[in-house]
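Taking it in order: structure first as C-alpha cells, then the write-up.
Number of protein chains: 2
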Amino acid sequence: MEVTIVGAGLVGCLLACFLARRNHHVTLYERRPDPRQEGADRGRSINLAISERGIDALRRLGLDGKVLDAAIPMPGRMMHAPDGALTFQPYSADRSHAINSIGRADLNRELLDAATALPGVEVRFGHRLTGLDERTGRLEFEHGKTETARVVIGADGAYSAVRARLQQLPGVSFRQDYLDYGYKELTIPARNGAFAMDPGALHIWPRGRSMMIALPNPDRSFTCTLFWPHETLAALDGPQRVRAYFAEHYPDAFELMPDLIPAYRDNPVGHLVTMHCSPWHVTTESTTGSTTVGLVGDAAHAIVPFYGQGANCGFEDCVELDRCLDQAGDDFPKALELFERRKADTDVIARLALDNFVEMRDKVGSRMFLAGKRVEHALERVLPGYASRYELVSFSTTPYAGVERRVARQRRIVAGAAAALLALGFAARRRRGLVRTRDGG
Amino acid sequence: MEVTIVGAGLVGCLLACFLARRNHHVTLYERRPDPRQEGADRGRSINLAISERGIDALRRLGLDGKVLDAAIPMPGRMMHAPDGALTFQPYSADRSHAINSIGRADLNRELLDAATALPGVEVRFGHRLTGLDERTGRLEFEHGKTETARVVIGADGAYSAVRARLQQLPGVSFRQDYLDYGYKELTIPARNGAFAMDPGALHIWPRGRSMMIALPNPDRSFTCTLFWPHETLAALDGPQRVRAYFAEHYPDAFELMPDLIPAYRDNPVGHLVTMHCSPWHVTTESTTGSTTVGLVGDAAHAIVPFYGQGANCGFEDCVELDRCLDQAGDDFPKALELFERRKADTDVIARLALDNFVEMRDKVGSRMFLAGKRVEHALERVLPGYASRYELVSFSTTPYAGVERRVARQRRIVAGAAAALLALGFAARRRRGLVRTRDGG
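Sequence lines, in order, name chains A and B. Counting from 1, one number per residue, gives the positions in the first sequence under this note's numbering. Counting from 1001, one number per residue, gives the positions in the second sequence under this note's numbering.
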C-alpha cells in the first residue's frame, strides 16, 4: 500500500518505521527543511521526558538502545523552595524507574535516520500542505505542487493542516482550549564543564500560580521552561523588572543564569493548548475505491506538557495503529476506524495533563503532598499489585483509561482497608476498656 | 467610522441598521447573490420563531410592525401522540404571549431592504471571503478581489470564514460540538386553501429519541422538520421503508404529506452544531492605528435550534453591541472588548438549547411534564414576580445568565414554601389529632 504521512516530526517518522515494517510504501511530506542538513533552523531546544510508553514503541523497532544512550535518566523530582531549599522525591517506589530527558531535535534526527534507512520510505522536505480534498485524496503544497493519495495520515502536530481540513466537515466535533499561560525557555549553562545542579532529577520551582522547570541536557546545561500567566509575562517588560523578579522568586536559579536578560527578551512566548477532535478519520468510498484521511499524535489530540506524556502518547498511537492494522489485515479504512477506540485513552491523558499543572506548580511544594506520596510509595511496596497513577502512566503501558479505572478501584480498596483498620483499632481499644459505648461496654 | 460586515444574513443586516443609525458607514460582503433578485437560490424554507428578544431589537429600529405583520403567532405547543391524539399547551400563563413563525428568507429580504434604505449602507453580493489578515484588516475574496478595513465584523454564520481565521490565532479557544442527529425538512401543504392543522401552535411529534416539528407559513402550508439520529435517516433508504415508518410513527402527519417520498429523497440532511469561541475579537495596534476583527451572532456562538433562540439571540447581540458602542463612545476596539461580557449569556442559551432537545423530543409527551407545566403556570398567576424559564427566555429581555440565576432563586423559594406548607399541614393535622408524635401528642 502507498501511504502518505503529512509531517516528519517524531510521530510521523516513527509511524513510517512501523508501516515500512509492514511492507507499505511511505512518503512523508514535511514543511521544514531537513534538520540534519547544515544551516537548518534548529528551532527551540525543547526537552522531552521519554518514559515507558515511548520506550516500548521504540523497543518494538529496535530503536530504544540508541535513543536511551543519548538520554539522561531522571528518577525523581527536585523541588526548589523560594529560599533555595531542595527536596528530592522519587517518581517511583522502584528506584530503578526513571523518566528520560532528551532533546526533541536530537530525537527527531535519530528517527529521520531510522525511517529513511528503511526500504520504501521517502521524506520530502520543504513541502507545506496548503490544501487537501479528503474525497479524492488530492494534496496541494506551497508553490503549486500537488499529489494524490489513497491513504493520508496527518502527523503534523497540534496545528495540523490535515485536521484543519477535517474540521470543516459536518459531523467533525472539535475543541481547542488554550490555557491562560505562556511558556518561555531559558538556559542554565554548564559551570566549569559540569552540571550546575543535580542532573538526576527534573527540577521544579513551584510558585503557586506559576512555575519553572529544568531538564538536563547531554552538554551539561539545563533547559529551563517558565510556565507563567500571560499577565506576568507581559508585566516583566524590562531588564530591571526581570532581574528583580527572578532574584525574589527563583534566587538559586537566577545565580546560575548569566544570559537571563537577553534570553528572556529574545525567546518567544509559547502557547499551551489542548486539542480534541472526533472522529479522527474520514473515509470516502467511490467507484474507483476508498480514500481515507486520518490523524495521529498531536494532530489528533494535542495535550499540555505537564505529565510529560505528549511524545509518549504519540509514540503509543503508532503502536496502537500498528495493532489495528494487524486486526484489519492492513486495510487502512478499517484500521483507522478501529483506531478511534484510542480516544477513550487520549481523553484521559489530556485531562490528567491539565490536572498535573496544578499539582506541579502548586501542590508539589507542600508537606501534605510529599507525605501523601510517601504513603503511596509505601503502599506500592507493601500491597501486591498496588501502583500509583504516576507509576502506571509513566512506567507501564496500561492504557490511560485503564489506569484511571485501576486508580479508582485502588482508592475504593484502600478506603475500605482504612475503614477496616479503624474498626479493628476501635475494637482493640474497646477490649482494653479505652472506649465507652452506649450499651455500657 | 468605516465598518465592514462579513455576511448579509439576518444578523449582519440588522447590525448594519444599528450602525448606520450611529452614523457609521457600513459595507456588507455577502457570498450569495441578492436573494431579492429573480432566480436567486431561495435556499431551504427554514422557519424561525421570533420572540421578545428579537422583537425588542426590531422595535428599536421601528421594524417590528412590518416583520410581525408577516408572521404567524404561535401561543403554544401542540403535541401529537402516535395515536393522533392532540394536546395543546400554552407557552405562557399570559395567553397573549406567543412566539412568531416567520420564514428566514422573507425576514432576510425585509432586513436587506431596511439596511440598504439607510444612508451609508452598501451590500456587495457574490463576495465570498477567502482570506483575512487580522493585523492589517486585509480581506481577500473569491476571484481575487481585495479590500482593507479597520473594523471587520464577522456575521457570517455557524461556519464563519472570519472565525476560521481567528481560530488559527494562538490564545483563541474554540469548540464545535455536533449532535449525532440530522435534520430534514418536509412540507404539509394547504388543504383546499386552508391550513391542514391548527396554525396557532408549534406542532411537535415527540417520539423519545426522535421528533418532528411543524411551523405554519403565511401560504397556509406547514414547514416540518425531522430531527432524527443519523442512523435512522440512513436506515430509511427507500420509499417503502419511509412510508411504513411514517405510517407507524407519524400517522396523522403522513396523511397530510402527499409529497413525502420525493421530499424525503431530495431534501438534504442538515447538521446540528454548537460553536463556542473565546475571545470573539482580536485587536492589533500598529503605528497607523488599530485594526479590530470581531464576531457576532452564529459566527460567535452558533446554537442548536431547540429553544427557538438562534435568531433572537443574534438580534439581541446587535442590541448589546449597540449598548457597548454607547459606553465606548463608538470606539470599536473598546466596544468589542466590552461585548465579550455577553459570552456569559450565550453560553447559557447554548446549554439550554441542547437541554431543550431532550425536553421536546421526549418529555413534552409525558403527563408528568404537562402537570409540571400547569403547576408552573399556576405559580406564575399566583406568585407575584414568579416566571418560568421558558417565559423569561422567550417573553422577556432578561439576560440569559440572569434568567438562570432567577430560576435557581425561584426554585429555592418554592422549595422553601413547599416545606413550610408541608410543616403547616403537619401542624394542622396534629392539632386535629391526626398525627401521632413521639412525645405523645
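We treat Cβ as the ideally placed atom computed from N, Cα and C, and that holds for glycine. Note that the structure is a prediction, hence the values are computed from the model and not measured.
Check                                                                                                                    : Outcome
Three-state class that DSSP yields for B/V1382 in the structure shown                                                    : helix
Beta strand (DSSP E) runs contained entirely in the segment 1106-1148 of chain B, provided each spans 3 or more residues : 1121-1124, 1129-1133, 1138-1141, 1146-1148
Straight-line gap, B/T1456 to B/V1162 (C-alpha atoms, nearest Å)                                                         : This structure cannot speak to residue 1456 of chain B, because chain B is shown only from 1001 to 1441.
With 16 other Cβ atoms within 10 Å as the buried cut-off, status of B/G1007                                              : buried
Inter-stretch contact at 8 Å, needing at least 3 Cβ pairs: the segment 56-67 of chain A / the segment 151-166 of chain A : no
Interfacial residues, the segment 173-205 of chain A to chain B, with Cβ spacing under 8 Å                               : S173, F174, R175, Q176, D177, Y178
B/G1031 versus B/G1157: straight-line alpha-carbon distance, rounded                                                     : It should be pointed out that residue 1031 of chain B corresponds to Arg in this sequence rather than to Gly. Near 12 Å, if we compare the C-alpha coordinates of B/G1157 and B/R1031.
Cβ pair count under 8 Å reaching 3, the segment 1398-1411 of chain B against the segment 1121-1130 of chain B            : no
Euclidean distance between Cα positions of B/G1402 and B/R1341                                                           : 13 Å
C-beta neighbour in chain B for A/H271, strict 8 Å                                                                       : yes
Continuous alpha helix (DSSP H) stretch holding B/A1093: start and end                                                   : B/A1093 -> no alpha helix (DSSP H), and no H or E assigned at all.
Length of the line joining the Cα atoms of B/G1270 and B/I1102                                                           : 19 Å
Proximal residues of chain A, C-beta to C-beta of B/G1171 below 7 Å                                                      : Y178, H271
Where A/G43 falls, given that 16 or more other Cβ within 10 Å makes a residue buried                                     : Interpretation of A/G43 is limited by its pLDDT of 47, a score under 50 that renders its predicted location unreliable; the figure taken from the coordinates is listed afterwards. Burial call: exposed.
A/D106 to B/K1343 span [Cα, whole Å]                                                                                     : 44 Å
Where the beta strand (DSSP E) containing B/N1047 begins and where it ends                                               : 1047-1050
Alpha-carbon to alpha-carbon, B/I1204 and A/A49                                                                          : 57 Å
Own chain partners of B/E1110 with C-beta closer than 7 Å, once the 5 adjacent residues on each side are dropped         : K1066, V1067
8 Å Cβ cutoff met for B/S1160 and B/A1190                                                                                : no
Cutoff 6 Å; reference A/P216; Cβ partners in own chain excluding five residues on either side                            : I72, S101, P199, F222
The segment 17-31 of chain A / the segment 360-370 of chain A touching (three or more Cβ pairs under 8 Å)                : no
Cβ-heavy atom distance, B/G1062 to the ligand ADP, below 7 Å                                                             : In terms of ligand content, the structure shown is empty, and the ligand ADP therefore cannot be addressed.
Whole-angstrom C-beta distance between A/T292 and A/R333, which should lie under 8 Å                                     : Here residue 333 of chain A turns out to be Pro, not Arg, going by the sequence shown. Indeed, because the Cβ distance is near 5 Å, the residues count as touching under 8 Å.
Nearest-angstrom Cα separation, counted from B/I1303 out to B/S1396                                                      : 19 Å
Beta carbon proximity, A/G43 to chain B, threshold 8 Å                                                                   : Bear in mind that a pLDDT of 47 at A/G43, under 50, signals an unreliable position, so the number given afterwards is only what the model happens to contain. Answer no: the Cβ-Cβ gap between A/G43 and chain B never drops below 8 Å.
Presumed contact (8 Å Cβ cut-off) between A/D259 and A/T187, rounded CB distance                                         : 7 Å
Cβ-based burial, B/D1345 [other Cβ within 10 Å; buried from 16]                                                          : buried
Distance, A/G310 Cα to A/H301 Cα                                                                                         : 9 Å
Spatial neighbours of B/I1213 in its chain, beta-carbon cut-off 8 Å, leaving aside the 5 residues before and after       : L1202, H1203, I1204, W1205, C1224, T1225, F1227, M1360
Length-filtered (3 minimum) beta strand (DSSP E) runs lying within the segment 1316-1379 of chain B                      : none
Residues near B/A1149 by beta carbon distance below 6 Å, same chain, minus five either side                              : T1004, G1137
Residues of its chain near B/P1075, where Cβ-Cβ distance is below 7 Å and the 5 sequence neighbours each way are ignored : P1090, Y1091, R1095, H1097, A1098, G1200
A/I303 - DSSP class collapsed to helix/strand/coil                                                                       : coil
B/S1366 versus B/G1308 - alpha carbon distance                                                                           : 21 Å
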